[in-house]
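Asks:
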Amino acid sequence: MFKAKLTSTAATGHDSGCGAAGNVVQRSKSFSVKPPVRELCSSCQKTVYPMERLVADKHIFHNSCFCCKHCSTKLSLGTYAALHGEFYCKPHYQQLFKSKGNYDEGFGRRPHKDLWTHKEQDASGDKAP
25 MFKAKLTSTA
35 ATGHDSGCGA
45 AGNVVQRSKS
55 FSVKPPVREL
65 CSSCQKTVYP
75 MERLVADKHI
85 FHNSCFCCKH
95 CSTKLSLGTY
105 AALHGEFYCK
115 PHYQQLFKSK
125 GNYDEGFGRR
135 PHKDLWTHKE
145 QDASGDKAP
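The numbering used here applies: residue 25 is where the sequence shown begins, and numbers increase by one.
1. Beta strand (DSSP E) containing histidine 86: first to last residue?
2. Helix, strand or coil, according to DSSP, for leucine 64 in the structure here?
3. In this structure, how does DSSP classify phenylalanine 111 when only helix, strand and coil are distinguished?
4. In chain order, what residues of the same chain lie with their CB nearer than 7 Å to the CB of lysine 93, ignoring the 5 residues before and after it?
5. What number of angstroms, rounded off, separates the C-alpha of valine 61 from the C-alpha of threonine 71?
6. Anyone know if the C-beta pair for serine 66 and histidine 86 falls short of 7 Å?
7. Does DSSP classify tyrosine 117 as helix, strand or coil?
8. Does lysine 98 pass the burial test, meaning 16 or more other C-beta atoms within 10 Å, or should it be called exposed?
9. Take glutamate 63 and list the residues in its own chain whose beta-carbon comes closer than 6 Å to its own, dropping the five residues that flank it on each side.
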């Protein structure tokens, strides 16, 4: 029986795993242990676990951190409106839009029409000698 093992090893060229070289253990790459990706809440910058995770406009929140910027009311995926990365409840979104008639002035941003007036003034200043 011992000769049969020697003969099969010699014939195939492979070691049967007995001896010092046979103690090396190789692990499969599919079972490698990788640390989980740590997701942070966009509002409080703390770790968000899968059970409390809420994603809105590619931002991750805790359920309790997803609030209106204007009134701090808790929002859900069906009751929010987003503009420039800020989240509002639908009543305040409409109220802020209606107050000035456009998205920029109502939400405290520089009016878009100011960009045009500056360009026109610069163009007329270049023509004068």
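All C-beta atoms, glycine included, are put in the ideal place defined by N, C-alpha and C.
Replies: Answer, in terms of the structure:
1. Note, histidine 86: beta strand (DSSP E), 83 to 86.
2. Judged by DSSP in its simplified three-state form, leucine 64 adopts strand.
3. Under the three-state reduction of DSSP, phenylalanine 111 is assigned to strand.
4. Same-chain partners within the cutoff: Glu110, Phe111 and Tyr112.
5. Counting only the Cα atoms, threonine 71 lies some 10 Å from valine 61.
6. Not in contact: serine 66 and histidine 86 (Cβ atoms no closer than 7 Å).
7. It is helical.
8. So lysine 98 counts as exposed.
9. Here glutamate 63 has Val72 and Ile84 as same chain residues with Cβ atoms under 6 Å from its own Cβ, once five neighbours each way along the sequence are excluded.
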